[in-house]
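What follows is a set of notes on a single structure, which appears directly below.
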Amino acid sequence: MSETLPSVYGGEILHVDLETGDNEIESIDPQDARRFLGGNGFVAKQVAEHVPVDADPFDPENVLALAVGPMNATPFQSTSRGVVGFVSPMTNGFFDSTFGGTLPQALKTTGFDGVVLHGAAEEHSYVVVDEDGAEVKSANGLEGTETYETCGEIRDREGVGYDTHVLANGPAGENLVRYACLVHESEPVSYTHL
């Protein structure tokens, strides 16, 4: 008898090539769900599988992996948590950082348990994810914009107001400051495991 994925999983990880905009959907193996559970485990697995050991953190070989836990979008309270992972410019080692809010639940309702961004876009860009996949869009005019303004501008561009959930970097990230952070809505993504 083959093992099935528990119903708390969306069952898919979305891979997005930032240079070409191509999408690839990876089905989650039920054994991987048991081994890695979701969230931190899925992020660590994606970084380990896709980033060479000697990759420079600012090299396009590095990925930005985002995943949510299996209890997101369930009736259980306080389960809307997400995690991002990558090779850190501060340590040159694996780094993960968690965040709460509405984005983790929104991602889970698309059917994806995670999104992995590969490569580097030719221009300043942002990625829109929905149940059909992802689209890489031009962030023209947002260069140098503070993160809070960026979140608001992307909501305006996408035309769905606060139903749009944004994870953004700002001028520090654009200028490759090694300790730059991501901001979700209006809260910084917490630093853990430095």
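Note that the working numbering has the sequence shown beginning at 11, numbered continuously upward. Built from N, CA and C at the ideal position, the CB exists for glycine as well. Computed from a prediction, not measured in an experiment: that's the story for all the values here.
From the options, residue whose alpha carbon lies closest to that of residue i
{"i": "residue 22", "options": "13, 28, 43", "result": "43"}
{"i": "residue 27", "options": "127, 189, 148", "result": "127"}
{"i": "residue 38", "options": "49, 105, 162, 87", "result": "49"}
{"i": "residue 111", "options": "52, 91, 150, 161", "result": "91"}
{"i": "residue 167", "options": "84, 129, 135, 63", "result": "135"}
{"i": "residue 57", "options": "105, 84, 150", "result": "105"}
{"i": "residue 182", "options": "60, 154, 164", "result": "154"}
{"i": "residue 149", "options": "143, 157, 142", "result": "157"}
{"i": "residue 177", "options": "15, 191, 170", "result": "191"}
{"i": "residue 165", "options": "87, 52, 195, 16", "result": "195"}
{"i": "residue 151", "options": "144, 163, 54", "result": "163"}
{"i": "residue 89", "options": "185, 131, 18", "result": "18"}
{"i": "residue 101", "options": "64, 119, 130", "result": "64"}
{"i": "residue 29", "options": "87, 193, 141, 73", "result": "73"}
{"i": "residue 132", "options": "70, 119, 170", "result": "70"}
Residue i - DSSP class collapsed to helix/strand/coil
{"i": "residue 189", "result": "coil"}
{"i": "residue 19", "result": "coil"}
{"i": "residue 162", "result": "helix"}
{"i": "residue 102", "result": "coil"}
{"i": "residue 47", "result": "coil"}
{"i": "residue 152", "result": "coil"}
{"i": "residue 73", "result": "coil"}
{"i": "residue 143", "result": "strand"}
{"i": "residue 78", "result": "strand"}
Beta-carbon separation (whole angstroms), residue i vs residue j, contact threshold 8 Å
{"i": "residue 146", "j": "residue 125", "result": "Their Cβ separation, rounded to whole angstroms, is 12 Å, which puts residue 146 and residue 125 out of contact at 8 Å."}
{"i": "residue 108", "j": "residue 97", "result": "That pair is no contact at about 17 Å."}
{"i": "residue 67", "j": "residue 99", "result": "4 Å"}
{"i": "residue 175", "j": "residue 116", "result": "5 Å"}
{"i": "residue 34", "j": "residue 25", "result": "4 Å"}
{"i": "residue 144", "j": "residue 137", "result": "5 Å"}
Residues sharing a beta bridge with residue i, DSSP
{"i": "residue 35", "result": "24"}
{"i": "residue 60", "result": "Answer is none; residue 60 lacks a bridge partner."}
{"i": "residue 107", "result": "94"}
{"i": "residue 122", "result": "22"}
{"i": "residue 135", "result": "148"}
{"i": "residue 113", "result": "Note: residue 113 sits in no beta bridge, so no partner."}
beta-carbon residue i near the ligand MN non-hydrogen atom, thresh 8 Å
{"i": "residue 151", "result": "Inclusion of the ligand MN in the displayed structure is not the case, the ligand content being empty and no account of it being possible."}
Three Cβ pairs or more, each shorter than 8 Å: is that satisfied between the segment 66-82 and the segment 115-125?
When C-beta atoms of the segment 66-82 are compared with those of the segment 115-125, three or more pairs fall below 8 Å, so the two segments count as touching.
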